[in-house]
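Going down the list, the protein sequences come from chains U and A. Numbered per the working numbering, the first sequence spans residues 1 to 282. Numbered per the working numbering, the second sequence spans residues 1 to 58. Contents: one structure, followed by commentary.
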Amino acid sequence: MSNTPKIGVLCSLIRPEEKMIFEAFRARGIDFDRIDDRELILDLHQSESPYSVILERCINHSRAHHTLKYFNDRGVRTVNSYHTANICGDKLLTSMALSKAGVPIPRNLIAYTEESALEAIEQLGYPVVLKPAVGSWGRLLAKVNDRDAAEAILEHKKVLGSYHHSTYYVQEYINTGGRDIRAFVIGGKLVAAINRKADHWITNTARGGRASNYELNQNLANICEAAARAVEGDVVAIDVFERPDGYLINEVNYTMEFRNSIETTGVNIPQLIADYVIEVSS
Amino acid sequence: MANLQAQCPLCAANVNLPDAPEVGELIDCEECGEELEIVSLEPPTLAKAPEEEEDWGE
């Protein structure tokens, strides 16, 4: 049918997530185009796009970020939007958006020099976590247990780091016993969550964290859905700390990885993503 | 239907492609463990997967 909305999936390498999403579109009899970011040439003098909606599944943040802006500027609805990718691609911007929206987050301080960063660390009290503002899969996170470590890491960041390491993002260390929650929000609704448990304080399943189902509840839904709204996210995965006095939002991810969470939760996450894209395209 | 096979470009082992293989799909060589990308289905062809970049992943 010529009037069928044209769906594009922006991606490059096909991970299990992308393959499952393709299968989910096919299960609904929906055609889509794969848009390989490695072959893209974005023509800024071209004002139209053949797509009505694009699902972004790039492995590279930088490519997703710029390509979403290009298509949004041409009136294409994207899942997620450039706005969401821009915020979620930067931990500082994410924390600021959550804070502005009144979503509970760990204490975060931002500083720009070694001296002020050290002061910020000591204000929070040890241990603290130092994070690069832009980074993924838990890379270059540092848990700083004392002043000696703080001084060493700040000096290393300054001497060895690229320029974006000179913005110091200091976060209160939340001791949850090597455990956190990864929650999946699609179309504004919490649909599934897993508990991640690791022997290491970094719990990313990409780093060996083990997943089990986490029973959904209204408090978790409220905070996760508020976090998704704060970044205007359509399809986001939210990292949550659980404390006796409530939940805290740690990070919001906009190209979510969920391969370990389908059997664990019994929720067909890729189908829900595909169905949401089909819904917004019509 | 038997799965397609292609040769690992590193160790030359015959690698079984997964069901419904996709161009661009990442797989591991069962012999040498190298991460590979399916770069073509006609004929089935594998290449060493791109090195992980700093901005990969969530």
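C-beta atoms are modelled at their ideal positions from N, C-alpha and C, and glycine is treated no differently.
My guess is that residue i and residue j are in contact by the Cβ rule of under 8 Å, so how many angstroms apart are they, rounded?
i                : j                : result
Glu37 (chain A)  : Ala49 (chain A)  : 5 Å
Ala117 (chain U) : Leu140 (chain U) : Incorrect: roughly 15 Å between the Cβ atoms, too far for contact.
Ala198 (chain U) : Arg182 (chain U) : Contact flag wrong, Cβ pair sits at about 12 Å.
Glu257 (chain U) : Glu58 (chain A)  : 5 Å
Val252 (chain U) : Ala227 (chain U) : 6 Å
Glu53 (chain A)  : Asn60 (chain U)  : 6 Å
Under a CB-based cut-off of 9 Å, is residue i close to chain A?
i                : result
Ala237 (chain U) : yes
Tyr254 (chain U) : yes
Arg210 (chain U) : no
Trp201 (chain U) : no
Arg34 (chain U)  : yes
Ser261 (chain U) : no
Arg28 (chain U)  : no
Arg15 (chain U)  : yes
Val129 (chain U) : no
Phe71 (chain U)  : no
Glu56 (chain U)  : no
Cys224 (chain U) : no
Glu151 (chain U) : no
Lys91 (chain U)  : no
Lys197 (chain U) : no
Arg77 (chain U)  : no
Asn86 (chain U)  : no
Ala206 (chain U) : yes
Do you know how far the Cα of residue j is from the Cα of residue i?
i                : j                : result
Asp305 (chain U) : Val185 (chain U) : Here chain U covers residues 1 to 282 and nothing more, so residue 305 (chain U) does not appear.
Lys158 (chain U) : Ala152 (chain U) : 10 Å
Leu190 (chain U) : Glu42 (chain A)  : 41 Å
Ser2 (chain U)   : Glu215 (chain U) : The pLDDT assigned to Ser2 (chain U) is 46, lower than 50, so where the model puts this residue is not dependable, and the model offers no usable value.
Glu48 (chain U)  : Ser281 (chain U) : 17 Å
Asp275 (chain U) : Leu55 (chain U)  : 11 Å
Ser21 (chain U)  : Val277 (chain U) : It should be noted that the sequence gives Ile, not Ser, for residue 21 (chain U). One C-alpha to the other measures close to 11 Å.
Val284 (chain U) : Tyr126 (chain U) : This structure cannot settle anything about residue 284 (chain U), because the visible part of chain U is limited to 1 through 282.
Ser166 (chain U) : Asn268 (chain U) : 41 Å
Gly187 (chain U) : Glu115 (chain U) : 43 Å
Asn250 (chain U) : Phe241 (chain U) : 7 Å
Ala237 (chain U) : Ile41 (chain U)  : 29 Å
Ala111 (chain U) : Ala133 (chain U) : 12 Å
Ala2 (chain A)   : Pro44 (chain A)  : 13 Å
Thr176 (chain U) : Trp56 (chain A)  : 27 Å
Ala120 (chain U) : Ala149 (chain U) : 14 Å
Pro18 (chain A)  : Arg15 (chain U)  : 12 Å
Ala206 (chain U) : Cys58 (chain U)  : 17 Å
Gln218 (chain U) : Pro104 (chain U) : 15 Å
Counting only C-beta atoms, is residue i closer than 9 Å to chain U at any point?
i               : result
Val23 (chain A) : yes
Glu58 (chain A) : yes
Pro50 (chain A) : yes
Ala6 (chain A)  : no
Leu26 (chain A) : yes
Glu42 (chain A) : no
Glu53 (chain A) : yes
Glu30 (chain A) : no
Glu37 (chain A) : yes
Ala20 (chain A) : yes
Using DSSP with H/G/I as helix, E/B as strand and the rest coil, what is residue i?
i                : result
Ala193 (chain U) : strand
Cys29 (chain A)  : coil
Ser62 (chain U)  : helix
Cys11 (chain A)  : coil
Arg147 (chain U) : helix
Gln46 (chain U)  : coil
Pro54 (chain U)  : Checking the displayed sequence, the identity of residue 54 (chain U) turns out to be Ile instead of Pro. The answer is strand: DSSP assigns Ile54 (chain U) an E or B state.
Pro270 (chain U) : helix
Ile202 (chain U) : coil
Arg77 (chain U)  : strand
Thr45 (chain A)  : strand
Ile41 (chain U)  : coil
Ser86 (chain A)  : Chain A is shown from 1 up to 58; residue 86 (chain A) falls before or after that span and cannot be answered.
Glu34 (chain A)  : coil
Phe258 (chain U) : coil
For residue i and chain B, any beta-carbon pair shorter than 9 Å?
i                : result
Val240 (chain U) : Note that chain B does not occur in the displayed structure, where the protein chains are U and A.
Taking 8 Å as the line, does the beta carbon of residue i fall inside it for any heavy atom of the ligand HEM?
i                : result
Asp239 (chain U) : This structure lacks the ligand HEM; in fact it carries no ligand of any kind.
Count the CB pairs spanning the stretch 166-185 of chain U and the stretch 6-26 of chain A that are closer than 8 Å, and state whether there are at least three. Cβ pair count under 8 Å is below three, so no.
Pairing CB atoms from the stretch 8-17 of chain U with CB atoms from the stretch 25-41 of chain U, are three or more of them under 8 Å? Yes, the stretch 8-17 of chain U is in contact with the stretch 25-41 of chain U.
Segment contact flag, the stretch 3-16 of chain A with the stretch 25-33 of chain A, C-beta cutoff 8 Å, min 3 pairs: Look at the beta carbons and you see the stretch 3-16 of chain A touching the stretch 25-33 of chain A: at least three pairs across the two are nearer than 8 Å.
How do the stretch 211-228 of chain U and the stretch 240-248 of chain U stand: do at least 3 beta-carbon pairs fall below 8 Å, yes or no? These segments touch.
Using a Cβ distance threshold of 8 Å, determine whether the stretch 97-104 of chain U contacts the stretch 64-79 of chain U, with at least three qualifying pairs required. At 8 Å Cβ cutoff, the stretches do not touch.
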